[in-house]
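Written out below as C-alpha cells is the structure these notes cover.
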Amino acid sequence: MYQDKKLIEISEKKKKWEETTLKKTLERFPERKKHFKTTYNEEVKRLYTPEDIKNIDYLEDIGFPGEYPFTRGVQPTMYRGRFWTMRQYAGFASAEESNKRYKYLLEQGQTGLSVAFDLPTQIGYDSDHSMSEGEVGKVGVAIDSLKDMEILFDGIPLDKVSVSMTINSTASILLSMLIAVAEKQGVEQEKLRGTIQNDILKEYIARGTYVFPPEPSMKVIVDIFEYGSKNLPKFNLISISGYHIREAGANAVQEVAFTLADGLAYVEAAVKAGLDPNIFGKNLSFFFNAHNNFIEEIAKFRAARKLWAKLMKNKFNVTNPAALRLKFHTQTAGSTLTAQQPLNNIIRVTLQALAAVLGGTQSLHTNSYDEALGLPTELSATIALRTQQIIAYESGVTETIDPFAGSYVIESLTKDIEEKAMKYIEKIEEMGGMVRAIENGYVQKEILNSAYETQLSIENSEQIIVGLNKFTVEEEHNGTILKVDPIVEEKQKEKLKNLRKERNNDEVKKNLLKLENAAKNNENIMPYILDAVKSYATLGEITNVLRDVFGEYHEAVIL
Amino acid sequence: MNKIRVLVGKPGLDGHDRGAKVVARALRDAGMEVIYTGIRQTPEDIVNTALEEDVNIIGLSILSGAHMKLCEKVLKLLKEKDADIPVFLGGIIPEDDIPTLKEIGIVEVFGPGTPLETIISKVKEIVYSKKA
C-alpha cells in the first residue's frame, strides 16, 4: 500500500527511533512484561507501522464493503442502512414462561428471537424419559411436541419476527415444528425468516449434544439444505458455529480454522449430494465468539470473512456474490465472565460486543452479567440488551463502515490470522477432512491443549482477570438468581401424558412408520418429519425412529 | 503411598466439558491417576466405573442446573453399594444450593474461577484424611 521509497525511509526512521528515543525510555522504564502475546501465542509487536502491511494490496486483500473478498463487510452500507439484529438467546422452563420473556424482550426493542432449548429437547428425549430427569426446562425451554411450540410462539407473528433456534441433532424436528406453527398462523414457509444452528460437527468437538454418528448426521443436514433451499429461501439453514469451539478453549486462530473447516465439510457433503453451492451457499451463516482481546477479535472477524470468500471461490468455483458472503451472528464470551464481582461482567460484555460490531457482525447476543451464577434475570437480560442499544445509538462507531480498516495492527493481524487458519485447514485436509480429524481426536486435543494453557496462564497471573486473580475482594453473594422450579418438570410430564391420550395415535404410528421407511431407503426425511410433527408425534418418538435406523454416537474420550 | 485414583465424571446431559477436562489434566499433572468418563453418563455408569476402577474420590462436573437430582442419585447409589467414596462437585452451582449439597454428603463444591491448585490440594486433603 506504500511506495518502496517511502517504506525504506520509514524503516530507517524506525531504526533510528529504536536506537534513540525508545532505547532511552526502556532503560529508565522497562516494559511491563517480557512478552506480549496474542491468544494464539504469537508475539504482539510494540509498534505496527506501514512496514507491517507492505504486502497487503488494498484492492485484492481489503477491497470495498459488499464486494469480494468482503474484508470490510458483507453489505455495501453496513450499519448506516440498518443495525445488526439484536437477538438475545433466551428460553427457560416452559413454553408459557419463555413466551412471556420473548414478548418482554421484543417490547424492549429486541429485533429477533433466539430460542434456547433444554438439553432433553436438544438430544431428542421427551421430558418423561429417564435421561431427562433433573434437566427439564433448565438451560432452555422444554419442547416435546408441536403443542409446546404453538404455545412458545403464541402471539408472535412469524412473518415479522425472525427466529433463531439453537438446535443441532434435532434441528430437522424443531424446524418442522416451526413450519407447522407458521402454517397455523397463516404464514407460508417461504416467508419464514430465521436460522437453525444445525451444525453437528462442532457438537462432536465442543458441545456434546449429538445423537447420531457423523455420517447419518451429515445426511440429515444435507436433507435440510435440500428441503430448505426449495421451500425456505429466506431461512439460514445452518449456523456454522465457532462459538462453542472457542468456549471449549480454542484460541482465535483455531476458532476461525475449525469453524471454516466444518463449513467446508458441509459444503462438500451438499455438493456431493448434487446441490449447487451457488444456490445453497446463500443460506449458510456463521456464528462466532467475541472474546476479550479487542484488537485481535476485530481482526479475527475480518479474517474469517475474507478467508471464507476465498475458499468458496477457489475450492467450489462459487461465482454468486451472495454465496461468497460470510454472514455471522456473534455472542459475547460466556466463559470470560466471572462469578467474582459479577457487575464487572457488564464492562467485559460491552468491550466484546463493541469488537463484534467493529468486526461487522449481522446479529449479536450480549451475555447477562450473572451468567457465571445462574440463568439471567429480567434485569440482567435487559441490561445486556441495552448494552447493544447504547453501542448502536450512542457510540458513533456505526456511522462509518469498518472504521478500523487501514490500521497497521488490524490489517497485519487480519492477514496473520487468515494465514495461520489456512495452515490448519490445509493440515485437516491432509488428514482427510474435518469428519476424520474429529474422529481421530485431533481437533479436540488441539482445543484442550489451548484450554489448559490458558488456565495455567491465569493461575500464574501471566493473564490477569480483574476480580479473579487481581483486585480481589471478599464478597457476599446476593440471592437474586433465577432458578427453574422443579414443578416445571412435573407439569411438562403431565402435558405429555394428556397429549398422548388426546391425539390420533393411529395417525402418529402411521407417520412414524413412513419416516422409518424413508430413513432406511435414504430418502429425504424432511417431508416425513413434517407430517409426523403435524400429527403431534413427540420429539422423542421421532428421534427414536431415527436412532434405530442411524445408530447412536459415543465419543472417544480424549484427555 | 499409592497414587491417588480419581474419577472425573460428567453426569446428566450437559456437554460442556472444558472444566472437567482441564481439572482432570491438572490432577494428572499433579501425579494422580485420573479416569475421565466422558460426557452424558448416568449416575449408575459413574458409580459402577468408580467401583470397577477402585477410585479414592469422585469429582462431578455439572453446568446445566441438574446438580441436585444427579448428586442425590450418585450418593444414594454409593450408599446402596456400601461404597465409602467421597464426592466433590464443580460447575455452575448457585451459592444457596451449597448447604443442601453438603448436607446430603457432597464433600466440597468448586465454583467457576476456582484455582486448579485449590482443587488439587483439597482432593489430597480429603483422600489423605480418609486414609489416615
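For the record, the sequence lines run as chains A and B.
Residues in the first sequence are numbered consecutively from 6, following this note's numbering.
Residues in the second sequence are numbered consecutively from 21, following this note's numbering.
Even glycine gets a Cβ: it sits at the ideal position worked out from N, Cα and C.
Please return the same chain residues whose Cβ sits closer than 7 Å to the Cβ of residue i, not counting the five positions on each side in sequence.
i, result
"Leu518 of chain A", "none"
"Glu5 of chain A", "The shown model of chain A, from 6 to 564, leaves out residue 5 of chain A, and the question about it has no answer."
"Tyr248 of chain A", "Phe292, Phe293, Asn294, Gln336"
"Leu12 of chain A", "Pro55, Glu56, Lys59"
"Leu316 of chain A", "Leu265, Leu269"
"Val414 of chain A", "Tyr53, Ile300"
"His40 of chain A", "Glu48"
"Pro132 of chain B", "Ile112"
"Asn283 of chain A", "Val323, Thr324, Asn325, Ala328"
"Leu95 of chain B", "Val107, Ile124, Gly125"
Give me the chain B residues within the contact set of residue i, using Cβ-Cβ distance strictly less than 8 Å, ordered along the chain.
i, result
"Ala456 of chain A", "Arg38, Lys41, Val42"
"Arg212 of chain A", "Gly35, His36"
"Leu518 of chain A", "Simply none; closest approach about 28 Å."
"Lys11 of chain A", "Near Lys11 of chain A there are no residues of chain B at all, since even the closest Cβ is about 48 Å away, more than 8 Å."
"Lys488 of chain A", "Gly85, Pro114"
"Thr343 of chain A", "Pro132, Gly133"
"Glu560 of chain A", "Gly58, Ile59"
"Gly379 of chain A", "Gly85, Ile112, Pro114"
"Ile184 of chain A", "Under the 8 Å cutoff, chain B gives no residues; its nearest Cβ is about 26 Å from Ile184 of chain A."
"Leu564 of chain A", "Lys41, Ala44, Arg45, Arg48, Val54, Tyr56"
"Leu473 of chain A", "Gly133"
Show which residues of chain A have a CB atom less than 8 Å away from the CB atom of residue i.
i, result
"Met52 of chain B", "Those within 8 Å of Met52 of chain B in chain A number zero; the least Cβ separation is about 12 Å."
Are the CB atoms of residue j and residue i within a distance shorter than 8 Å?
i, j, result
"Asn297 of chain A", "Gln336 of chain A", "no"
"Val42 of chain B", "Ala456 of chain A", "yes"
"Ala147 of chain A", "Ser132 of chain A", "yes"
"Thr343 of chain A", "Ala389 of chain A", "no"
"Val141 of chain A", "Glu494 of chain A", "yes"
"Gly85 of chain B", "Val144 of chain A", "yes"
"Ser177 of chain A", "Val120 of chain A", "no"
"Arg330 of chain A", "Phe69 of chain A", "no"
"Leu110 of chain A", "Ala95 of chain A", "yes"
"Lys142 of chain B", "Ile24 of chain B", "no"
"Asn325 of chain A", "Asn288 of chain A", "no"
"Ala314 of chain A", "Tyr73 of chain A", "yes"
"Ala308 of chain A", "Thr419 of chain A", "yes"
"Asp536 of chain A", "Asn516 of chain A", "yes"
"Leu90 of chain B", "Gly32 of chain B", "yes"
"Gln345 of chain A", "Thr477 of chain A", "yes"
"Gly58 of chain B", "Glu252 of chain A", "no"
"Leu180 of chain A", "Ile229 of chain A", "yes"
Name the chain A residues whose beta carbon is nearer than 9 Å to that of residue i?
i, result
"Ser84 of chain B", "Asp123, Leu124, Gly139, Glu140, Lys143, Val144"
Going by beta carbon distance, what residues of the same chain come within less than 6 Å of residue i, once the five residues before and after it are set aside?
i, result
"Pro106 of chain B", "Ile77, Val127, Ile146"
"Lys18 of chain A", "none"
"Tyr429 of chain A", "Ala262"
"Tyr56 of chain B", "Val28, Ala44"
"Ala274 of chain A", "Met223, Val227"
"Arg198 of chain A", "Ser167, Lys239"
"Ala304 of chain A", "Ile415, Leu418, Thr419, Ile422"
"Phe108 of chain B", "Gly79, Val127, Glu128"
Residue i bridges to which residues according to DSSP?
i, result
"Glu48 of chain A", "A:Lys42"
"Ala295 of chain A", "A:Thr337"
"Ser290 of chain A", "A:Ser244"
"Arg25 of chain B", "B:Glu53"
"Lys475 of chain A", "A:Val471"
"Ser368 of chain A", "A:Thr90, A:His334"
"Gln8 of chain B", "Because residue 8 of chain B is not part of the residues shown, which for chain B are 21 to 152, the question remains open."
"Leu487 of chain A", "A:Leu380"
Using a cut-off of 7 Å between C-beta atoms, extract the partners of residue i located in chain B.
i, result
"Gly254 of chain A", "Arg38"
"Met136 of chain A", "Leu33"
"Ile128 of chain A", "Leu33"
"Leu453 of chain A", "Lys41"
Taking Cβ-Cβ distances shorter than 7 Å, what residues in chain A pair up with residue i?
i, result
"Leu136 of chain B", "Gln460, Glu464"
"Lys89 of chain B", "Glu138, Gly139"
Among residues of its own chain, excluding the 5 on either side of residue i, which ones have a beta-carbon nearer than 8 Å to its beta-carbon?
i, result
"Gly556 of chain A", "Phe217, Pro218, Pro221"
"Glu73 of chain B", "Arg25, Leu27, Ile55"
Residues of chain B with CB closer than 9 Å to the CB of residue i, please, in chain order.
i, result
"Leu544 of chain A", "In chain order: nothing, as chain B lies at least about 14 Å away."
Item to complete: Run through the segment 224 to 260 of chain A for me and flag every whole alpha helix (DSSP H) of 4 or more residues, listed as ranges in chain order.
Response: 248 to 252
Worksheet item: Fully enclosed by the segment 155 to 237 of chain A, which beta strand (DSSP E) runs are 3 residues long or longer?
Response: 167 to 171, 199 to 201
Fill in: Unbroken stretches of the alpha helix (DSSP H), 4 residues or longer, contained in the segment 77 to 153 of chain A
100 to 112, 124 to 128
Fill in: Inside the segment 68 to 147 of chain B only - beta strand (DSSP E) runs reaching at least 3 residues
77 to 82, 107 to 111, 128 to 130
Discussion item. Restricting to runs no shorter than 3 residues, where is the beta strand (DSSP E) found entirely within the segment 377 to 464 of chain A?
Written reply: none
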